[in-house]
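S.K.: What follows is a single structure, and I will ask about it in a moment.
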Amino acid sequence: VQLQESGPGLVKSSQTVSLTCTVSGGSINSGGYYWTWIRQYPGKGLEWIGYIYYSGSTYYNPSLKSRLTISRDTSKSQFSLNLRSVTAADTAVYYCARGDGYNYADKWGQGTLVTVSS
Amino acid sequence: HSVLTQPPSVSGAPGQRVTISCTGTNSNIGAGYDVHWYQHLPGTAPKLLIYRNTYRPSGVPDRFSGSKSGASTSLAITGLLAEDEADYYCQSFDTSLSGWVFGGGTKLTVL
Numbered sequence: 561v562q563l564q565e566s567g568p569g570l571v572k573s574s575q576t577v578s579l580t581c582t583v584s585g586g587s588i589n590s591g592g593y594y595w596t597w598i599r600q601y602p603g604k605g606l607e608w609i610g611y612i613y614y615s616g617s618t619y620y621n622p623s624l625k626s627r628l629t630i631s632r633d634t635s636k637s638q639f640s641l642n643l644r645s646v647t648a649a650d651t652a653v654y655y656c657a658r659g660d661g662y663n664y665a666d667k668w669g670q671g672t673l674v675t676v677s678s
Numbered sequence: 002h003s004v005l006t007q008p009p010s011v012s013g014a015p016g017q018r019v020t021i022s023c024t025g026t027n028s029n030i031g032a033g034y035d036v037h038w039y040q041h042l043p044g045t046a047p048k049l050l051i052y053r054n055t056y057r058p059s060g061v062p063d064r065f066s067g068s069k070s071g072a073s074t075s076l077a078i079t080g081l082l083a084e085d086e087a088d089y090y091c092q093s094f095d096t097s098l099s100g101w102v103f104g105g106g107t108k109l110t111v112l
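From first to last, the protein sequence lines stand for chains A and B.
Just add 560 to the spot in the first sequence (first one is 1) and you have the numbering used here.
Just add 1 to the spot in the second sequence (first one is 1) and you have the numbering used here.
See below:
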């Protein structure tokens, strides 16, 4: 299984960041996996953003819940992140990952840098 | 700030052993949730190093080992190699978040 993020690298403040993760070599609607978004701030810290379960249920970080939507397109083997009303604090490298039922990420994408400009 | 606590940096000479601690609270590690460790080289995808406290994925050398005692866990690396120089993160599940939490990361320098 391989994961690859895609999306714009530069977004203006107050707009929406839309990222897509394309999964190859496996199905996103089987296997009991959590298809996950994680971000890494410029200062190094990692933050769990949320995930969409193989069944379609979603789970979000409470700190982002009001601005966040994670969705999927099983026909394209993709899952996506929409983060609304972004600010400079949302500048980070965004990773998509496959989460195991024991709550760890066993596969990661390479990451994509999103910079929020004013 | 990160929910799990790790030292910012550790160092060791080639061939030596180092340990990286990861401390949580009663809503994550102390509640019995597993801890997982990742190795991250800048510009690359993080790599799963240890899962469920002590298990190594296929391909990870047995120089890497994990342990857990109560709300504290640690990663040990023996026989240090220059290629081990990287950032290491611990991660667990947190009941107050109903999601994953990470440590702040530890930079390992091989002297």
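All C-beta atoms, glycine included, are put in the ideal place defined by N, C-alpha and C.
Which residue marks the beginning of the beta strand (DSSP E) containing Arg53(B), and which one marks its end?
M.R.: Segment: none, Arg53(B) is in no beta strand (DSSP E) and carries neither H nor E.
S.K.: Does any C-beta atom of chain C lie closer than 7 Å to the C-beta of Ala87(B)?
M.R.: Absence of chain C from the displayed structure is noted, the protein chains being A and B.
S.K.: So, is the C-beta of Gln670(A) closer than 7 Å to a C-beta in chain B?
M.R.: yes
S.K.: Take the Cβ of Ser93(B) as the centre, count every other Cβ of all protein chains shown within 10 Å, and call the residue buried at 16 or more, exposed below.
M.R.: buried
S.K.: Do Ser3(B) and Gly605(A) have their C-beta atoms within less than 7 Å of each other?
M.R.: yes
S.K.: DSSP three-state label for Ser590(A), please.
M.R.: coil
S.K.: With 8 Å as the C-beta to C-beta threshold (strictly closer), list the residues of the segment 50-61 of chain B near chain A in chain order.
M.R.: So the list reads Tyr52, Arg53 and Pro58, given in the order they occur along the chain.
S.K.: Please classify Asp85(B): does DSSP put it in a helix, a strand, or coil?
M.R.: helix
S.K.: Compare the Cα-Cα distances from Thr580(A) to each of Trp608(A), Asn642(A) and Thr675(A) and report the closest residue.
M.R.: Asn642(A)
S.K.: Counting C-beta neighbours from all protein chains within 10 Å, is the total for Lys667(A) 16 or more, i.e. buried, or is it exposed?
M.R.: buried
S.K.: Just the C-alpha distance for Thr107(B) and Ser678(A), rounded to the nearest angstrom, thanks.
M.R.: Computed Cα separation, rounded: 32 Å.
S.K.: Which class does Asp650(A) belong to by DSSP, given the choice of helix, strand or coil?
M.R.: helix
S.K.: Any Cβ of chain B within less than 7 Å of the Cβ of Gly605(A)?
M.R.: Yes, Gly605(A) counts as interfacial toward chain B.
S.K.: Under the assumption that Trp608(A) contacts Trp101(B) (Cβ atoms under 8 Å), give the Cβ distance between them as a whole number of angstroms.
M.R.: 4 Å
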